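*Asks:*
In full-length UniProt numbering, the protein residues as written are 1 to 225.
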């Protein structure tokens with residue numbers, strides 16, 4: 001492929017990714033998923049190139065609050081990014097602040113997913129809490145995967161005393177995960193008033209994973225959580 005053709009391909013990809021990001025920002029705002037600061041920062045790897053696309057959105061108090069800002073950088077030079085952990089099979093990383101996930105992060109607790117609308121899209125059943133923030137996310141996650149190969153790779157990590165970092169495949173799909181996981185955190189917080197969210201009954205997970213095509217993978221991997 002010529003240099004000009006590559007540039008056209010990259011520019012077209014960036015335009016489409018920006019549209020996805022703007023739509024994701026819109027539906028996360030409209031559903032009340034984001035906190036009042038609208039913290040929603042995306043880092044996305046452009047396939048086939050050593051390129052990272054960063055997309056940030058203005059805070060509500062900023063004058064120019066209509067658009068997204070974009071920046072390109074080298075993927076290989078950002079070695080601290082958790083996207084370099086191949087076992088996660090992720091190309092999108094989002095730093096986000098949402099009310100109920102933030103509450104779990106403030107409590108220094110891992111978040112156990114006990115809401116089927118979120119769980120059916122994930123094999124992992126817990127979002128760990130990044131308690132030692134002197135260590136990078138990739139170090140924490142890689143160590144967890146090394147020590148617990150029987151655990152499903154997490155789709156994110158809570159940022160203790162802050163927000164959350166969520167990763168996945170594609171900007172839109174990752175934003176959907178944020179919505180589902182935040183909704184789970186909200187409903188589980190409400191459930192605390194009447195005894196707390198319970199573990200899934202036998203057969204529930206298989207039934208839910210069957211709906212999203214994850215059941216076969218769940219059986220192949222044999223992950224215990």
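Ideal Cβ placement from N, Cα and C applies to all residues, glycine included. From a predicted model like this one, the values you see are computed outputs, not experimental measurements.
(1) What are the residues that DSSP puts in a beta bridge with residue 165?
(2) In chain order, what residues of the same chain lie with their CB nearer than 6 Å to the CB of residue 20, ignoring the 5 residues before and after it?
(3) DSSP three-state call for residue 25: helix, strand or coil?
(4) Run through DSSP, which three-state label would residue 84 get?
(5) Looking at the unbroken alpha helix (DSSP H) that takes in residue 140, where does it start and where does it end?
(6) Can you tell me which of 151, 28, 46 puts its alpha carbon nearest to the alpha carbon of residue 76?
(7) Taking the alpha carbon of residue 135 as the point to measure from, which residue in 81, 204, 24, 210 has its own alpha carbon closest?
(8) Kindly confirm or deny that the segment 132-152 and the segment 113-121 touch, where touching means at least three C-beta pairs closer than 8 Å.
(9) What's the C-alpha gap between residue 210 and residue 201?
(10) If I follow the unbroken beta strand (DSSP E) through residue 56, where does it start and stop?
*Replies:* Let me spell this out:
(1) 95, 157
(2) 171, 172
(3) helix
(4) helix
(5) 137-147
(6) 46
(7) 81
(8) no
(9) 16 Å
(10) 51-56
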